[in-house]
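Have a look at the structure below before the remarks.
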Amino acid sequence: MSIFNFCHRFVPCLADPARRTSLGLKAALVVLHIVYAGILFLFDSDLIEKTKQEPWSYTALYLLLCVATLIQYFVTSCSSPGNVLDAMRDVNEKNSLFSKASMLSKPPASSKNGSLIITVEGSQSERNIPGSNVTSWTKLVLDMHPPGTSIRTVTCSYCNVEQPPRAKHCHDCDRCVLQFDHHCVWLGVCIGWGNHCRFWWYIFEETALCIWTGILYITYLKANISRAWYSKYFLSPFCFFHCFCYFQ
Numbered sequence: 695m696s697i698f699n700f701c702h703r704f705v706p707c708l709a710d711p712a713r714r715t716s717l718g719l720k721a722a723l724v725v726l727h728i729v730y731a732g733i734l735f736l737f738d739s740d741l742i743e744k745t746k747q748e749p750w751s752y753t754a755l756y757l758l759l760c761v762a763t764l765i766q767y768f769v770t771s772c773s774s775p776g777n778v779l780d781a782m783r784d785v786n787e788k789n790s791l792f793s794k795a796s797m798l799s800k801p802p803a804s805s806k807n808g809s810l811i812i813t814v815e816g817s818q819s820e821r822n823i824p825g826s827n828v829t830s831w832t833k834l835v836l837d838m839h840p841p842g843t844s845i846r847t848v849t850c851s852y853c854n855v856e857q858p859p860r861a862k863h864c865h866d867c868d869r870c871v872l873q874f875d876h877h878c879v880w881l882g883v884c885i886g887w888g889n890h891c892r893f894w895w896y897i898f899e900e901t902a903l904c905i906w907t908g909i910l911y912i913t914y915l916k917a918n919i920s921r922a923w924y925s926k927y928f929l930s931p932f933c934f935f936h937c938f939c940y941f942q
């Protein structure tokens with residue numbers, strides 16, 4: 695128990711089960727990439743020979759894609775999907791600063807020829823952008839609805855904030871996400887407005903890497919299919935399974 699307390703003290707994220715699971719999945723994914731690529735470069739004699747002859751052509755491109763995929767994975771997993779609370783705070787801060795600047799730049803009243811002239815620019819700006827934080831965010835949320843559609847604001851019962859269209863509360867992250875798509879377990883983060891493009895770039899790179907790795911494994915197995923160990927440990931069980939499924 696003291697070892698766990700020691701780890702939790704110096705690595706606080708291990709005390710959270712959700713973050714601990716996310717770190718475990720990330721470590722498992724990195725290990726899978728290293729293992730699958732390492733088996734090829736350890737046992738595939740043709741690939742090893744090709745690497746010795748042309749180290750900066752075929753092999754370099756494959757390793758570059760593998761490294762780029764892992765980098766894109768960590769960039770996406772560490773990115774913010776766009777939180778509703780953060781967006782609301784930014785809008786409220788900008789509106790409050792704008793209203794203060796407009797009030798300071800325009801004098802409330804001026805005297806000319808003995809008569810009193812009251813300026814109304816400040817009051818107009820306050821009507822356009824109310825000083826109330828809730829009203830400012832509510833007005834912005836209402837403006838996001840397409841014209842001609844029924845306007846209905848939804849207040850999150852967990853975050854107690856009005857959600858814009860397509861926003862949703864994620865129970866895994868315990869926060870409202872802008873343009874919520876889904877919560878990716880392998881990335882350990884929600885996919886939303888802030889990281890949607892990064893997510894698709896990662897999917898593209900990971901798909902290309904998986905296809906390339908599959909081609910290398912098929913080439914390796916084809917070249918070694920006549921070996922006795924391959925026929926004994928792979929072909930025989932495969933044929934038995936195929937016959938079993940055929941006669942059922």
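What the sequence shown shows, in the numbering used here, is residues 695 to 942, in sequence order.
For glycine and all other residues, C-beta sits at the position ideal for the given N, C-alpha and C.
Remember, it's a predicted structure, so these values are computed and weren't measured experimentally.
Distance, residue j Cα to residue i Cα
i: Val725; j: Thr907; result: 15 Å
i: Gly718; j: Asn789; result: 42 Å
i: Ala762; j: Val778; result: 31 Å
i: Ala902; j: Leu791; result: 48 Å
i: Phe874; j: Leu723; result: 24 Å
i: Ser826; j: Trp894; result: With a pLDDT of only 42 at Ser826, under 50, the local geometry of the prediction cannot be trusted, and the value read off the model is given with reservation. Whole-angstrom Cα-Cα distance: 38 Å.
i: Ile897; j: Trp750; result: 26 Å
i: Lys720; j: His877; result: 15 Å
i: Ile765; j: Cys891; result: 15 Å
i: Asp868; j: Val848; result: 17 Å
i: Gln857; j: Glu787; result: 18 Å
i: Ala795; j: Lys833; result: 20 Å
i: Leu757; j: Gln747; result: 16 Å
i: Leu755; j: Val871; result: 37 Å
i: Val879; j: Val785; result: 30 Å
i: Ala731; j: Asn918; result: 18 Å
i: Ser851; j: Thr715; result: 27 Å
i: Ile733; j: Glu900; result: 18 Å
i: Cys760; j: Ile909; result: 15 Å
i: Thr913; j: Val769; result: 32 Å
i: Tyr767; j: His727; result: 12 Å
i: Val855; j: Arg783; result: 11 Å
i: Met838; j: Tyr911; result: 50 Å
i: Pro824; j: Cys853; result: Reliability fails at Pro824, whose pLDDT of 40 lies under 50, so the model's placement of it is uncertain and no value is given.
i: Gln818; j: Ser830; result: Reliability of the predicted coordinates at Gln818 is poor, the pLDDT of 39 falling under 50, and the value obtained from them is presented with this limitation in mind. Each residue's alpha carbon lies about 15 Å from the other.
i: Pro859; j: Leu798; result: 35 Å
i: Cys904; j: Tyr752; result: 16 Å
i: Ile742; j: Lys916; result: 16 Å
Secondary structure of residue i, DSSP reduced to three states
i: Arg869; result: strand
i: Cys760; result: helix
i: Thr832; result: helix
i: Val855; result: coil
i: Asn786; result: helix
i: Cys891; result: helix
Residue i burial status per 10 Å Cβ neighbour count (16 or more: buried)
i: Ala781; result: buried
i: Gly888; result: buried
i: Val835; result: buried
i: Val729; result: exposed
i: Val814; result: Confidence at Val814 is low in this model, with a pLDDT of 40, below 50, so the placement of that residue should be treated as unreliable; the coordinate-derived value is given next. It is exposed - the Cβ of Val814 has fewer than 16 other Cβ atoms within 10 Å.
Residue i - partner residues in DSSP beta bridges
i: Val848; result: Gln857
i: Cys772; result: DSSP lists no partner for Cys772.
i: Cys864; result: Arg869
i: Asn918; result: Answer is none; Asn918 lacks a bridge partner.
i: His727; result: His727 pairs with nothing; no bridge assigned.
i: Cys878; result: Val883
Residue i Cβ short of 7 Å to the ligand NAD heavy atom set
i: Arg860; result: Ligands in the displayed structure: none, and consequently the ligand NAD is not present.
Using 8 Å as the Cβ pair cut-off and three pairs as the minimum, do the stretch 863-871 and the stretch 731-740 touch? At 8 Å Cβ cutoff, the stretches do not touch.
Do the stretch 766-783 and the stretch 879-896 make contact, defined as three or more Cβ pairs closer than 8 Å? yes
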